[in-house]
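Residue numbers (our numbering), protein chains in the order written: chain A, 1 to 425; chain B, 426 to 513. Glycine residues also receive a C-beta, built at the ideal position from the N, C-alpha and C atoms.
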Amino acid sequence: MPEVYNWQLGRKMHYPYAERHPRSQFAFVFNINRCIACQTCTMACKSTWTFSKGQEYMWWNNVETKPYGGYPQSWDVRLLGLLDETHRKAARNAQWDASQQRGSAQAPYGTYEGMTIFEAARSGDRRDQVALGYEPTDVEWRSPNFYEDTATGSEAVPDKLSMKPASLPAHDTWFFYLQRLCNHCTYPACLAACPRGAIYKRPEDGIVLIDQGRCRGYRKCVAQCPYKKPMFRATTRVSEKCIACYPRIEGKDPLTEGEPMETRCMAACVGKIRLQGLVQVGDDGTWKEDRYNPLYYLIKTEKVALPLYPQFGTEPNGYYIPPRWVPRAYLRQMFGPGVDEAIEKYSFPSRELMAVLQLFRASQKIVYRYEIIEGEKIFERTINGKPWVLYNDTVVGFSKSGKEVARVTVEEPKYVRPDRHYNSI
Amino acid sequence: MKTFEPSDPHELVGIHLAEGDPDFMAECLVEEYLLLGWSDQQLMSLFARPCFGMTHRIYRDRGHQYVAELIAHVRAKWTTNETDGCHA
Numbered sequence: 001m002p003e004v005y006n007w008q009l010g011r012k013m014h015y016p017y018a019e020r021h022p023r024s025q026f027a028f029v030f031n032i033n034r035c036i037a038c039q040t041c042t043m044a045c046k047s048t049w050t051f052s053k054g055q056e057y058m059w060w061n062n063v064e065t066k067p068y069g070g071y072p073q074s075w076d077v078r079l080l081g082l083l084d085e086t087h088r089k090a091a092r093n094a095q096w097d098a099s100q101q102r103g104s105a106q107a108p109y110g111t112y113e114g115m116t117i118f119e120a121a122r123s124g125d126r127r128d129q130v131a132l133g134y135e136p137t138d139v140e141w142r143s144p145n146f147y148e149d150t151a152t153g154s155e156a157v158p159d160k161l162s163m164k165p166a167s168l169p170a171h172d173t174w175f176f177y178l179q180r181l182c183n184h185c186t187y188p189a190c191l192a193a194c195p196r197g198a199i200y201k202r203p204e205d206g207i208v209l210i211d212q213g214r215c216r217g218y219r220k221c222v223a224q225c226p227y228k229k230p231m232f233r234a235t236t237r238v239s240e241k242c243i244a245c246y247p248r249i250e251g252k253d254p255l256t257e258g259e260p261m262e263t264r265c266m267a268a269c270v271g272k273i274r275l276q277g278l279v280q281v282g283d284d285g286t287w288k289e290d291r292y293n294p295l296y297y298l299i300k301t302e303k304v305a306l307p308l309y310p311q312f313g314t315e316p317n318g319y320y321i322p323p324r325w326v327p328r329a330y331l332r333q334m335f336g337p338g339v340d341e342a343i344e345k346y347s348f349p350s351r352e353l354m355a356v357l358q359l360f361r362a363s364q365k366i367v368y369r370y371e372i373i374e375g376e377k378i379f380e381r382t383i384n385g386k387p388w389v390l391y392n393d394t395v396v397g398f399s400k401s402g403k404e405v406a407r408v409t410v411e412e413p414k415y416v417r418p419d420r421h422y423n424s425i
Numbered sequence: 426m427k428t429f430e431p432s433d434p435h436e437l438v439g440i441h442l443a444e445g446d447p448d449f450m451a452e453c454l455v456e457e458y459l460l461l462g463w464s465d466q467q468l469m470s471l472f473a474r475p476c477f478g479m480t481h482r483i484y485r486d487r488g489h490q491y492v493a494e495l496i497a498h499v500r501a502k503w504t505t506n507e508t509d510g511c512h513a
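Okay, here's the thing in structure tokens:
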């Protein structure tokens, strides 16, 4: 089995195919701190792509409540359990060595010394699999947000919100919402697992797709994708997955006049927690220096956004700003050893980070580059024992062709709708 | 509406987690939305309305007065404005 370099793990790892990288890569950042699980993203995706017969249980985008929930149910706990069992049998530890190269571009989070899902499949008694995994049962796919914190509606009056509290027993502890879609991984386990070679990664943007003509519905992708994002459709007997709204990424939507546009789930986010774009990739798989691409800045320069379960080894291209209030041990398991640095930086954001965070949902068009115009100092104080200064800078976003597509100030602009309009606050 | 039945194996199963601080969670959430420029009324709505499970849970646990005081505390900490999250 060839060896490939996984920069999220800071080392080479086993993968069934030799390294070949796309010219650019679809990637996204989610700011978990702001998500209130309104599920607008979920419904935007559902109503665009998976509203047909046989797709009833397909939620390419979902938002689940952690630590209780998951879709399919307990997907991550199940896989972490399998990975842990393999480590125990092999008398190895799934730990990170953060002492050596940490902070370098080649190993920003240190080096992962445990086994990935590909290596675990080789080491144990799971030789029938390319990647360690399992196929969820029908019950586990039954519904998203089962057992989770969901909104309450009114039974008696259609289209009205119920102001009565939910009658279910509630959790008396911390929790947070995790937004999920296909990570369009650099080393996709679904692609590696497919016996038909029906799954491919597009060279122009790294989007991972299932060729519906070649797929024979063996469901190996369903079993071996650690994030459980390929889903089997019984009516067509082939698997389907998130297609990253590729017509929008290609700029085919007439609304943007040829400019690449963010996916439906990103563009619909009312909480302004999502930012999506494309990063440039070199022949060796490392991201090309692109200092003023907002994704490059958040992930590579500021390191405030982290990959989900990097230890799985697929090098996912979805990144998360971790929630500040969650116990660190839980977050380190979920996002790796970069958690403490990311939370420290997000809690006391730099002048540039404050500006870049304003680009979230400032435009439907993909922002390829930003500029910051310095503004006046508007606030200065010691907060939690640390000096903090706020400047009302303006951040300007530019599209692929260099056109200005966003202009936002750090001080959030506020518009009050006149009372005569419906839905005025 | 059906009532909760603890003996039903398909009912919601809560997990007690020893670590964690729901008060800190509440403060972080207020900070996030206050710095987006939300007013006291808007912030209170985020907690008082049952359609937002996370914040409404805090509202139900701690009460209206707790949330009102928390909003005032966070506003005083992060802004100089007495009505919303704006600074200018």
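- Bounds of the beta strand (DSSP E) holding E64(A) are 62–66.
- Around the beta carbon of R274(A), a 10 Å sphere encloses 16 or more other beta carbons of the protein chains shown; the residue is thus reported as buried.
- Beta-bridge annotation (DSSP): R233(A) is paired with V238(A).
- Taking one beta carbon from each stretch, the region 17–24 of chain A and the region 33–48 of chain A have fewer than 3 pairs nearer than 8 angstroms; the two do not touch.
- Of the residues F51(A), T236(A), F348(A), T116(A), the one whose Cα lies closest to the Cα of L79(A) is T116(A).
- Pairing L295(A) with G271(A) gives a Cβ-Cβ distance that is not under 8 angstroms.
- By the criterion of a C-beta distance shorter than 6 angstroms, C45(A) is surrounded in its chain by W60, N61, R264, C265, once the five residues flanking it on both sides are discounted.
- Ranked by Cα distance from F449(B), the options L460(B), Q467(B), L471(B), T480(B) are led by T480(B).
- DSSP, read as helix, strand or coil, puts N33(A) in helix.
- In this structure, DSSP gives A27(A) an extended state, which the three-state scheme calls strand.
- Secondary structure note for I496(B): its alpha helix (DSSP H) is the uninterrupted segment 489–503.
- Sequence-distant Cβ neighbours of V208(A) in its own chain, meaning closer than 6 angstroms and more than five residues away, are H184, P188, K201.
- Between the alpha carbons of L459(B) and G70(A) lies a distance of about 29 angstroms.
- Looking at the backbone, the Cα of E240(A) and that of Q212(A) are separated by about 8 angstroms.
- For D446(B), the nearest beta carbon of chain A is closer than 8 angstroms to its own beta carbon.
- In the pairwise beta carbon analysis, the region 394–403 of chain A is classified as touching the region 357–370 of chain A: at least three pairs are separated by under 8 angstroms.
- For the pair T256(A) and A91(A), the Cα-to-Cα distance works out to about 55 angstroms.
- Buried is the label assigned to T42(A), since at least 16 other Cβ atoms lie within 10 Å of its Cβ.
- Spanning the alpha carbons of T428(B) and D486(B) requires a straight line of approximately 20 angstroms.
- Between A192(A) and Y15(A), the beta carbon gap of about 7 angstroms places them in contact (Cβ cut-off 8 angstroms).
- For the region 477–493 of chain B, the set of residues with a beta-carbon nearer than 8 angstroms to any beta-carbon of chain A comprises F477, G478, M479, T480, H481, R482, R485, D486, in chain order.
- Residue contact with chain A for M469(B): absent (no Cβ-Cβ distance below 8 angstroms to any residue of chain A).
- Nearest Cα to L308(A) within the set R332(A), P203(A), Y297(A): R332(A).
- Neighbourhood of F472(B) in chain A, by CB distance below 8 angstroms: empty, with the nearest CB roughly 11 angstroms away.
- The Cβ of L459(B) sits no closer than 8 angstroms to any Cβ of chain A.
- Under the DSSP assignment, H21(A) falls outside any beta strand (DSSP E); it carries neither an H nor an E label.
- P323, R324: these are the residues of the region 304–324 of chain A whose beta carbon lies less than 8 angstroms from some beta carbon of chain B, given in chain order.
- In terms of Cβ geometry, A27(A) and V356(A) do not form a close pair [threshold 8 angstroms].
- By the rule that beta-carbons nearer than 8 angstroms mark a contact, N61(A) does not touch chain B.
- Taking C-beta separations shorter than 7 angstroms and ignoring five residues to either side along the sequence, the partners of P72(A) in its chain run P136, E140, W141, K228, following chain order.
- Within the region 273–359 of chain A, the complete beta strand (DSSP E) segments at least 3 residues long are 274–280, 318–321, listed from N- to C-terminus.
- Per DSSP, reduced to three states, the secondary structure at A121(A) is helical.
- Distance check between E262(A) and each of S363(A), K66(A), M334(A) places S363(A) closest, using alpha-carbon atoms only.
- Taking a beta-carbon distance threshold of 8 angstroms, E374(A) does not count as an interface residue toward chain B.
- Between the region 384–396 of chain A and the region 339–357 of chain A, the count of C-beta pairs closer than 8 angstroms reaches three or more; the two stretches touch.
- Exposure of I373(A) is indicated by the presence of fewer than 16 other C-beta atoms within 10 angstroms of its C-beta.
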